[in-house]
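Here's the structure, in structure tokens; my notes come after.
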Amino acid sequence: MGEQVRTTCAYCGVGCGIVATRTGERAVEIKGDAQHPANHGRLCSKGTHLGETVGLEGRLLHPMIGKRQASWDKALDLVAKRFRQTIAEHGPDSVAFYVSGQLLTEDYYVANKLMKGFIGSANIDTNSRLCMSSAVAGHMRAFGEDVVPASYDDLDAADLIVLVGSNTAWCHPVVYQRIRARCDAGAKLVVIDPRRTETADEADLHLAIKPGSDVALMNGLLAHCRTNGLIDETYLSRSVSVPDDFWDKVGEGSDLWSVAKACDLPPADLRRFFELFAANPRTVTMFSQGVNQSLRGTDQVNAIINVHLATGRIGKPGAAPFSITGQPNAMGGREVGGLASTLAAHMGFAADDVARVGRFWAAPTMAAKPGLKAVDLFRAVGEGRIKALWVMATNPAVSMPDAGRVREALAVCPFVVVSDVIAETDTSKFAHVRLPAAAWGEKDGTVTNSERRISRQRAVLDLPGEAKPDWWIVTKVAQKMGWRTAFPYDRPAEIFREHARLSAYQNHGARLFDLREQVVIGNEAYENIEPFRWGGDAFAEGRFPTADGKARLVAVQQIALQDPLPKWPMTLNTGRYRDHWHTMTRTGLSPKLARHRDEPMVEVHPGDAAELGLTDRSLARVSTPQGESVFRVILSTGQRRGELFVPIHWTDQQSTGGRTGLLPRPLVDPHSGQPGFKSTPAAIAPVAVEWRGFLLAASEVKQPDCLWATRVRVAGGVLYELAGDGDPAQLDALLPKGERIEALDRARGSRRLAILKDGKLAAALFVTREGLLPSRDWLIAQIGAAAGPAVLAGAPPGAREDRGPIVCLCFDVGLKTIVQAVASQQLTSVEAVGAALSAGTNCGSCRPAIRRLIEQNRSTAHAG
Ligand SMILES: Nc1nc2c(c(=O)[nH]1)N[C@H]1C(S)=C(S)[C@@H](COP(=O)(O)OP(=O)(O)OC[C@H]3O[C@@H](n4cnc5c(=O)[nH]c(N)nc54)[C@H](O)[C@@H]3O)O[C@H]1N2
Ligand SMILES: Nc1nc2c(c(=O)[nH]1)N[C@H]1C(S)=C(S)[C@@H](COP(=O)(O)OP(=O)(O)OC[C@H]3O[C@@H](n4cnc5c(=O)[nH]c(N)nc54)[C@H](O)[C@@H]3O)O[C@H]1N2
Ligand code: SF4
Ligand SMILES: [Mo]
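Per the numbering used here, the sequence shown starts with residue 519, numbered consecutively.
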């Protein structure tokens, strides 16, 4: 056993502390860090199973020029030369970096400094544009600086928690557990989301709002507060500047009935929300992508902040608007100025700021104006205005809106560099140079979480192959481009000190982001840094980082929402699954995580499905003016009529369908440039197939060439779900060599085939035209085990009980097992289920699902 290393989770913005212990060459044991204030030892399913993702499978281990391995020196020379040449011929704005909230602060700082201070362009944007930029723009408008005015402790002190456009139970599970604990102690939970998510399912009140009508709702709430004497006039006069026309503008159409109509909500539910709000001054309103990823994201953010400012519910324990961040270092990226619209260290492009940062960096060519934001940036690539592009730690060929156009842009770009940890991604296919980056567990530096807490990520594994940390890669390129003295870094601590110095440089309280206490941090102290929050209890004094020290109310109004068009009658919503992370380059490696949702599904209301001829588990094509893709249909009463939901996780690497990125429009919020991923006019139609089947193999086979083929990692092998037309016999060619046993049922058009090697099951292919397919679980367990013709039954002799889909990953407990135990043992709480089956007692991510099963049992018992 190696030594214990205290680090931070690779995934979401909750920023949980982890204690990682190396147990082998490429093996770590993961535990929650009981001392970390963000999680006090808890981890969700993704964090818990990080150990399954640190193998070297699929890793990029050497620099590559085209398809050839190259030395670091050659690859970096080429990158430096091509960028230098392009700049010399076409000017600094002909090159760009597209980076990510999954870089560490030190990586981010160096990339930003190189582009904005030395190349002399601000064409560096980050995937945070797709994620947090409306929150950033909203904070700037309201507070004068991008400061999140809340901490997780506020959740422990709140009496009312309102979640707007946030599926917290799935996307920020450890924060969600904290919210549940507070609710168990009496606080109320309201969830505002068009879908009935697992988060909404557990709320005291769920408002299934019409997509895009959040401003109407918040303005209605504000009007209710005003009529009921809840406006904090003292706070407003001391701390907030109110535009003259503010009350007239936000008051328009804000009576209960108009709001109920605009939001398509029952007036009684709306009234209940308003009354809960009125009764509980200690309110935290937490929001994420349902608010940010909208064509009116910034206005929606300000509508929420307005309510908190006007009622004085900010800067006090348990009262705040709380934008929760997505990626592990979304916040660090905002601190270094990784967005094209900000400069560095919370400074912008005002002449003073540009001059100050230029002095500090001793920069030869400062960028003097904002650069291109992500959507415009890729458009410029497509139009040939950007001729050299460097993508780091993000997969835009999947995650950008209208990803088909982004792929075309990458294909025509004369020079594309991709730094990634994975060799083959949908983006790296277009790279002229691929650079192997160090992955989580191998890299050192800092990240900042949603509550402004800076924590260390520390290495626990050795760098594999020739992989290098991102800061090192950028530093070397900067040096080779000729800026040796400005980029002298040998270790992350040096970069962190410089970043801290810049934050404090000529900052006489003008910027809250100020790390002056870290300026002199020594290398050893940096190694041992404990998690700390910058900015403290920001706004507790009622002073804001604006010229007059006051916050601003912003007069935002709901705009009219377009009726669906005949050709595109549905509204497409996109988002996340509990156990997958983005384009699955990591979570896709974990057999356990794959089991929660193993295929890309489109959720459809049963009423719509009946009208459109869609049945549960069939296939359907979702199309929009931008593109189309096939998904597995799942009927869900949690969907509103006319709305569809699809996940964002599937790529060319795992499937033929589920390519969500092709569907959204490349339209953006006018203030932030954030795309409106959550509402796209769309259509859906059934896809008929002649046969269905699956292929299970001990190791990966060539991607099957049929209409539907999805691949997931399972214990001991890989599972492909398949469907298509014509003769499925073509699939035989994919099977490994070995002893073949086969069974045919001509009546149903079924064929079952197993390949044995040394008497052990190496692969199985089950296909049918009309018959049933067996549950995959038993066959998965047979991979590598001794097998004979009986394996073709697809189930053990005297079939053992079917446990149903796995609910609890940690203890491997199936849905049917839980349902049976709840009914037969009369279990009425998650704790009781835990005591009986252990389910839900480790990471806790499945606790909402268990609660739902208990609830279902209760209502069937009542109904019966
Ligand atoms: N499991 C998992 N967790 C993650 C991630 C992951 O990939 N997987 N990614 C991380 C990242 S980067 C991010 S940004 C966060 C995102 O975390 P969330 O924002 O919680 O996740 P999403 O699923 O994108 O969207 C949230 C909800 O917004 C709702 N919504 C859609 N339209 C509207 C609307 O008009 N109004 C309102 N009020 N709601 C609406 C959707 O129905 C959806 O349930 O998750 C982080 N955590
Ligand atoms: N339709 C739709 N689209 C969306 C969203 C949505 O809700 N709907 N959400 C958007 C949001 S909020 C986000 S944050 C984005 C996320 O989208 P992406 O950023 O494109 O998704 P990831 O899969 O996280 O990509 C990270 C890449 O970096 C690599 N990587 C991991 N660690 C490192 C490292 O340390 N160094 C380097 N160099 N590479 C590394 C991974 O292998 C992976 O290829 O998607 C956005 N796109
Ligand atoms: S909530 Fe889960 S994914 Fe997010 S940081 Fe914590 S353990 Fe990691
Ligand atoms: Mo995100």
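Glycine included, C-beta positions come from ideal geometry on N, C-alpha and C.
Does ligand 3 have a heavy atom nearer than 7 Å to the CB of residue i?
i, result
"Leu-1328", "Correcting the residue type first, residue 1328 is Cys in the shown sequence and not Leu. Flag unset: Cβ of Cys-1328 not near ligand 3."
Do residue j and residue i come within 8 Å of each other at the CB atom, strictly closer than that value?
i, j, result
"Arg-1210", "Thr-1103", "no"
"Ala-552", "Ala-885", "no"
"Thr-526", "Ala-538", "no"
"Arg-1139", "Ile-1202", "yes"
"His-567", "Lys-1110", "yes"
"Tyr-1383", "Pro-1165", "Given a span of 519 to 1382 for the chain in the structure shown, any question on residue 1383 remains unanswerable."
"Gly-1060", "Ser-759", "no"
"Val-613", "Ile-637", "yes"
"Asn-1041", "Gly-855", "no"
"Leu-1252", "Pro-1222", "yes"
"Gly-1175", "Pro-1118", "yes"
"Leu-678", "Leu-774", "no"
"Ala-741", "Gly-769", "yes"
"Ser-806", "Ile-842", "yes"
"Ala-556", "Cys-534", "yes"
Closer than 7 Å: is that where the CB of residue i sits relative to any heavy atom of ligand 1?
i, result
"Thr-715", "yes"
"Lys-905", "no"
"Asp-1116", "no"
"Thr-1178", "no"
"Ile-727", "yes"
"Pro-712", "yes"
"Thr-686", "yes"
"Arg-970", "no"
Based on the DSSP output, what are the partners of residue i in its beta bridges?
i, result
"Thr-525", "Ile-536"
"His-724", "Val-709"
"Cys-931", "Answer is none; Cys-931 lacks a bridge partner."
"Lys-986", "Ala-955"
"Pro-1193", "Val-1186"
"Tyr-1238", "Leu-1213 and Arg-1229"
"Gly-938", "In the sequence under discussion, the amino acid at residue 938 is Asp, which differs from the Gly named in the question. Paired residue(s): Pro-954."
"Val-1140", "Ser-1147 and Ile-1202"
"Gly-759", "The identity of residue 759 in the sequence shown is Ser, whereas the question assumes Gly. DSSP, once it has assigned bridges, lists Arg-1070 as partnering Ser-759."
"Phe-1050", "Ile-972"
"Glu-853", "DSSP output for Glu-853 lists no bridge partner at all."
Measuring from the CB of residue i, is there a heavy atom of ligand 4 at a distance below 7 Å?
i, result
"Gln-620", "no"
"Cys-1361", "no"
"Gln-1192", "no"
"Gly-844", "yes"
On the three-state DSSP scale, how would you describe residue i?
i, result
"Gly-520", "coil"
"Met-1119", "strand"
"Cys-1326", "strand"
"Arg-814", "coil"
"Pro-1124", "helix"
"Glu-1260", "strand"
"Gly-1382", "Its pLDDT being 47, under 50, Gly-1382 is placed unreliably in this model, and the value from its coordinates should be taken loosely. Three-state result, Gly-1382: coil."
"Lys-905", "coil"
"Ile-832", "coil"
"Phe-1163", "strand"
"Pro-839", "strand"
"Met-582", "strand"
"Phe-1057", "coil"
"Asp-1245", "coil"
"Leu-1345", "coil"
Is the closest heavy atom of ligand 2 to the C-beta of residue i under 7 Å?
i, result
"Trp-1099", "yes"
"Gln-807", "yes"
"Cys-781", "no"
"Gly-1093", "yes"
"Trp-958", "yes"
"Pro-914", "yes"
Ligand 6 and residue i: does any heavy atom of the ligand fall closer than 7 Å to the residue's C-beta?
i, result
"Cys-649", "The model depicted lacks ligand 6 and carries ligand 1, ligand 2, ligand 3 and ligand 4 instead."
Exercise for the section: Would you list the residues whose beta-carbon is nearer than 5 Å to any heavy atom of ligand 3, in the order they occur in the chain? Expected result: Cys-527, Tyr-529, Cys-530, Val-532, Cys-534, Leu-561, Cys-562, Lys-564, Gly-565, Pro-691 and Val-692
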